[in-house]
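As they're listed, the protein sequences go chains A, B and C.
When we follow my numbering, the leftmost residue of the first sequence carries the number 1, and every step to the right adds one.
When we follow my numbering, the leftmost residue of the second sequence carries the number 320, and every step to the right adds one.
When we follow my numbering, the leftmost residue of the third sequence carries the number 607, and every step to the right adds one.
Right, one structure below, let's go through it.
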Amino acid sequence: MALLDLLLVVGIIAGVYSLLAIGMNMHWGDTGLLNFAHAAFFAVGAYTSAILTTPTPEAGLLAERVVGFDLPVAVGIVAGTVLAAVLGFVIATTSVRLEGDYLAMVTLSSAELVRLVIHNEAWLTTGAQTLKNIPRPMESTVATLPVSYDVFYFLLVWGLVGVCYLLFERMSNGPFGRVLHAIRENDDVALALGKDVTQFKLKSFAIGAGVAGLAGTLWAHYVYAISPVMFLPSITFLIWAAVIIGGAGSYAGAIVGAVVIVLLRQVTRFIPGSVPFSDQMSYLRLMLVGVVLVAVLYYRPEGLLGNAERLQAGTSEGD
Amino acid sequence: MVLDPQFVWNGIVVGSIISVSALGLTLIFGILNFINIAYGDYMATGAYLAFAVNAQMGLPLAVAIAAGVVGMAAGAVLIDKLVFEHFRTSSPVTLLIVSIGIAFFIRNLIRAIWGPSGNFYDVPIEANPNLFGVRYSVEQLSIIVASLLLLTAVYVLLRRTRIGIAMRAASDDRTLTRIRGVDTERLVLYVWIAGGAIAGLGGIMLGLDAQIRPNMGFTALIPIFAATILGGIGDPKGAVAGGFAIGILQEVSVVVVPSEYKFAVALAALIVGLLLRPDGLFGEATR
Amino acid sequence: MTLLSVDGLRKTFGGIVAVEDVSFDVERQDIVGVIGPNGAGKSTTFRLLTGFHTPDAGTVEFDGEDVTDLSPDARARKGMIRTFQIAQELTGMSVMQNMLLAAQGHPGERAVTSALGIGGTSAFEADQRDQAEELLQLLELWELRDEYAGNLSGGQRKLLELGRSLMADPDLLLLDEPMAGINPDLTDRLLERILELRDERDMTFLFVEHDIDAVMRVADTVVGMHNGAVLSMGTPEEVQSDDRMLEAYLGGEV
Ligand SMILES: Nc1ncnc2c1ncn2[C@@H]1O[C@H](COP(=O)(O)OP(=O)(O)OP(=O)(O)O)[C@@H](O)[C@H]1O
Ligand SMILES: [Mg+2]
């Protein structure tokens, strides 16, 4: 039973990471955009929903936050998703015309700026303190059911993963995705055929950021309490690892990659009893993520579910 | 508005650190043509190696600095042999992602060995002397002296030595150098030695100025990126100028911007710099 | 009626003057051949016309409207479609996807319509597939429709690019050496097809070609360029018998 509970928790985390990876795959896999701001979209989703759904804190010793709206969770989830998409759009506007590496640096820096704002604007976010008592959706209703809340949340998260998977697959395989793929392959061709490349890049950025924001809202409402240190750039890098390991360009791959990453990070939880180096375990697991990432790039550059043939066709002639 | 000379002094100190670090990053980029995300973690490694020699083994700081610099130069070569060498023909983006993997590995190795919390070097604590109303510390003076020595050394290396001249040529045009029969693998070796050593020194300087932490290098990356880009990525002279510009701008900005946001100044400089001058201050970017 | 009007175009790269005071008009349904030795400035002129370069001076008018300041994609949407001298196929996309990409005004290119398949997306898509099939048959690429474009031969890539630009149903098609590397039989059929399309779909063509025979056969007007400037302009016979053009070619070959 304890194992099942643990599996549910890990499964919920894996679902949240899957949503993050789906968004990243739209950026990198479909459009070829180097987005290193994912942690910021995740954070904005989480904080927006948390602030909207919690009441204004009572004046107290540490309660510096002066805003809170006490709105229904559904409103928070929608608003968090939308605001993250807007942030994606704004960040992209400053930088989407830049070449690959430059885009990476600017987006990474922008994400850090967002975290800095969250960290410093305590009136809005409780700052470095933990923003607590974030409500869980339908908690009282679920309490009357014969299943635990985690079962409900697991189904909710993976239901949303399923919906997003279907929608993103259809976008990617439809005419919209075709333009994104053309931009990934060669901007000039897309321009010559009349595609507004900048506009498509902005849309891709906003949509991918939106789903990362959705992941953030689900995260916030699951863990009750959030703080800026949950949204370090290492989240972004983990999601990159997930997308690359799963296979860039494949949404199924993005989900598999996210699950692999979460399992790598959580696997030692499943080992009962005390293990040697237990203090160091979490660090060793992250070292393992690094090793797996490099190994995949070397032995299977297309990733677990990526398309090797496409990669091959793309490089056969040089540039 | 009167500009407090203290801020300018602080800016020069911070600028020295950024300049040195940006120089290493830009040298690596010039030859290898990718952004090494693990660079910040190279810096941290240098700082921790020096910490081990200085605070844990009790040797003098000068010895520790030498150990950190040499150790990280060797480390950079080792990582190249173990990893990067197998990706020589890969695209810059693949290399960037490879470096993410390396960053994960190094940063968490540091945490596993030295723990997650902050440390300090074992340096005598003295009251900070005061000159013309500017407080300065021995650490700060050492930082500036070390950076000037390093910058001069690299300048001489790039201008006067055969390998340095080859490096500059390769950075300007890789294919050309290859056609002229320069052994690129040897260049790559030298650039990792130089880049690793400089990263190590940058990390130690950072640790002297503040604290030694596992993510110290990574969090310092953004102003370093900003300096590199502002100077024109791949251009050593530009990186140094960009480093001082960002450092001083950041510290002086506290007059107008809340100090929590001084880091945003680097970001603003980065974005504005990119949009206005994509080829860098001196327009000598490799691309 | 004048479709394209070029006036005083100039473009320099550093010290090199690539295009110097180029002016000419293209009438609707004309087939205009641009010839000239290597480095004459033909491709640069094409890039100036289609917005891939900004001119140092001069204007481009298309269909009575000044398009000099428009971006390449905006010009393409107005009906000016170009091909590239070196085929720019989208290597990681199939031949069919390359073709479908060119569809103009596709209702499914919005994220929402694409995700939900609404707004007439599938009907439009099906119609485009039919058109693509017809063109691919003509270009002898139909069997290869599911192949990645990156796996095509050099000649096939040029053909795909030609087909793709026809898919866009342009008013003015600018072709940069479309026949390079394509076997003569097929060239003949393509030239025939171009003549048909002009009448069927009211198309106008501007094409750079080193194959002088092909130019003589289909062009109504020929523009001869040399050293960035228009040296000679007129009917194919006039330009061919212009001594200055001959000199330019001979000089170019020394
Ligand atoms: N981007 C550029 N930068 C610098 N010089 C350029 C550039 N593009 C073209 N040129 C120069 O401009 C001149 C005209 O080149 P262009 O490509 O237009 O010639 P062309 O007539 O198309 O020749 P070809 O028949 O070989 O295709 C050449 O001297 C060329 O070197
Ligand atoms: Mg040409």
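C-beta: ideal position from N, C-alpha, C; glycine also.
It should be emphasised that the depicted structure is a prediction, and the values quoted were computed from it without experimental measurement.
(request) Rounded to whole angstroms, what's the CA-CA distance from residue 723/C to residue 714/C? Just pull it up for me. (result) Using only the alpha carbons, I get a separation of about 7 angstroms.
(message) Quick check: is any heavy atom of ligand 2 less than 7 angstroms from the C-beta of residue 502/B?
(response) Incorrect: residue 502/B has no Cβ contact closer than 7 angstroms to ligand 2.
(message) Quick check: what's the CA-CA separation for residue 725/C versus residue 83/A?
(response) Cα-Cα distance, rounded: 27 angstroms.
(request) For ligand 2, list every residue whose C-beta falls under 7 angstroms from any of its heavy atoms, going in chain order. (result) Ordered along the chain, the selected set is 648/C, 649/C, 691/C, 782/C, 783/C, 814/C.
(message) Would the region 193–211 of chain A count as touching the region 82–96 of chain A if we require 3 or more Cβ pairs under 8 angstroms?
(response) Enough Cβ pairs lie closer than 8 angstroms, so yes.
(request) Give, in chain order, every residue of the region 753–766 of chain C whose Cβ lies closer than 8 angstroms to some Cβ of chain A. (result) Of all residues in the region 753–766 of chain C, 754, 755, 756, 757 have a Cβ within less than 8 angstroms of some Cβ in chain A.
(request) Check whether the Cβ atoms of residue 672/C and residue 616/C sit closer than 8 angstroms, and answer yes or no. (result) Not in contact: residue 672/C and residue 616/C (Cβ atoms no closer than 8 angstroms).
(message) Please report the distance separating the alpha-carbon of residue 803/C from that of residue 773/C.
(response) It is roughly 12 angstroms from the alpha-carbon of residue 803/C to the alpha-carbon of residue 773/C.
(request) Residues of the region 388–420 of chain B with a CB closer than 7 angstroms to any CB of chain A: list them in chain order, please. (result) Those residues of the region 388–420 of chain B that come within reach of chain A (Cβ to Cβ, closer than 7 angstroms) are 402, 405, 411, 412, 413, 415, 416, 417, 419, 420.
(message) With a threshold of 7 angstroms (Cβ to nearest heavy atom), would residue 622/C be considered close to ligand 1?
(response) At least one heavy atom of ligand 1 sits closer than 7 angstroms to the Cβ of residue 622/C.
(request) Give the single residue among 306/A, 123/A, 128/A, 92/A whose Cα lies nearest to the Cα of residue 111/A. (result) Ranked by how close their Cα comes to the Cα of residue 111/A, the residues 306/A, 123/A, 128/A, 92/A have 92/A in first place.
(request) Determine the burial state of residue 859/C: buried for a count of at least 16 other Cβ atoms within 10 Å of its Cβ, exposed for fewer. (result) Because residue 859/C carries a pLDDT of 49, less than 50, the predicted location of this residue cannot be relied on, and no value is offered for it.
(message) Measuring only the C-alpha atoms, how far is residue 334/B from residue 513/B?
(response) Going by the C-alpha atoms only, they are around 20 angstroms apart.
(message) Rounded to whole angstroms, what is the Cα-Cα separation between residue 461/B and residue 555/B?
(response) Going from the Cα of residue 461/B to the Cα of residue 555/B covers about 22 angstroms.
(message) To the nearest angstrom, how far is the alpha carbon of residue 645/C from that of residue 855/C?
(response) A direct Cα-to-Cα measurement between residue 645/C and residue 855/C gives close to 11 angstroms.
(message) Does chain B have any CB closer than 8 angstroms to the CB of residue 123/A?
(response) Not closer than 8 angstroms to any Cβ of chain B, the Cβ of residue 123/A fails to qualify, so no.
(request) Residues of the region 569–586 of chain B with a CB closer than 9 angstroms to any CB of chain A: list them in chain order, please. (result) Of all residues in the region 569–586 of chain B, those with a C-beta nearer than 9 angstroms to a C-beta of chain A are 577, 579, 580, 582, 583, 585, 586, reading in chain order.
(message) I'd like the span of the beta strand (DSSP E) that includes residue 687/C, first residue to last.
(response) That run of the beta strand (DSSP E) goes 686–688.
(message) Against residue 532/B, what residues of chain A qualify as contacts under a CB-to-CB distance less than 8 angstroms, listed in chain order?
(response) Simply none; closest approach about 13 angstroms.
(message) Could you tell me which whole alpha helix (DSSP H) segments of length 4 or greater appear in the region 238–316 of chain A?
(response) Here the runs fully enclosed are 251–266, 281–299, 308–315.
(request) Could you tell me whether any Cβ in chain A is nearer than 8 angstroms to the Cβ of residue 487/B? (result) Residue 487/B has a beta carbon lying at 8 angstroms or more from every beta carbon in chain A.
(request) Measure the alpha-carbon distance for residue 453/B versus residue 328/B and round it to whole angstroms. (result) Each residue's CA atom was taken as its position, placing residue 453/B and residue 328/B some 7 angstroms apart.
(message) For residue 781/C, which residues in the same chain have their Cβ closer than 6 angstroms to its Cβ, ignoring the five residues on either side in sequence?
(response) Residues of the same chain with a CB within less than 6 angstroms of the CB of residue 781/C, apart from the 5 flanking positions on each side, are 689, 813 in chain order.
(request) Return no unless some Cβ of chain A is closer than 8 angstroms to the Cβ of residue 479/B. (result) For residue 479/B, the answer is no, since every Cβ of chain A falls outside 8 angstroms of its Cβ.
(request) With a threshold of 16 other CB atoms inside 10 Å of the CB of residue 22/A, please say whether the residue is buried or exposed. (result) Its Cβ being crowded by 16 or more others within 10 Å, residue 22/A is buried.
(message) Which residues in chain A have a C-beta closer than 9 angstroms to the C-beta of residue 714/C? List them in chain order.
(response) Proximity of chain A to residue 714/C at the Cβ level (cut-off 9 angstroms) is accounted for by 174, 175, 176, 178, in chain order.
(request) Report the rounded CA-to-CA distance for residue 702/C versus residue 789/C, giving the unit in angstroms. (result) Those two C-alpha atoms are separated by around 22 angstroms.
(request) Can you say whether residue 783/C is buried or exposed, counting buried as having 16 or more other CB atoms within 10 angstroms of its CB? (result) By the neighbour-count rule (16 or more Cβ atoms within 10 Å), residue 783/C is buried.
(message) Against chain A, which members of the region 367–389 of chain B pass a CB distance test of less than 8 angstroms?
(response) Those residues of the region 367–389 of chain B that come within reach of chain A (Cβ to Cβ, closer than 8 angstroms) do not exist; the list is empty.
(message) Distance check for residue 168/A and residue 370/A, CA to CA, integer angstroms please.
(response) Examination of residue 370/A is not possible in this model, given that chain A is present from 1 through 319 alone.
(message) Am I right that residue 220/A and residue 46/A are in contact with their C-beta atoms under 8 angstroms? What's the rounded C-beta distance?
(response) Confirmed, about 4 angstroms.
(request) Verify the CB distance criterion: does residue 729/C have a CB-CB separation below 8 angstroms to chain A? (result) At least 8 angstroms separates the CB of residue 729/C from every CB of chain A.
(request) Compare the C-beta of residue 280/A with all C-beta atoms of chain B and state if any pair is closer than 8 angstroms. (result) At least one chain B Cβ lies under 8 angstroms of residue 280/A.
(request) Measure the beta-carbon distance from residue 107/A to residue 35/A and round it to whole angstroms, keeping in mind my assumption that it falls under 8 angstroms. (result) At roughly 5 angstroms, the Cβ-Cβ gap stays under 8 angstroms, so residue 107/A and residue 35/A are in contact.
(message) Please tell me whether residue 391/A and residue 247/A are closer than 8 angstroms, where the distance is taken between their beta carbons.
(response) Examination of residue 391/A is not possible in this model, given that chain A is present from 1 through 319 alone.
(request) Quick one: grab the DSSP three-state call for residue 200/A. (result) Of the three classes helix, strand and coil, the one that applies to residue 200/A here is helix, per DSSP.
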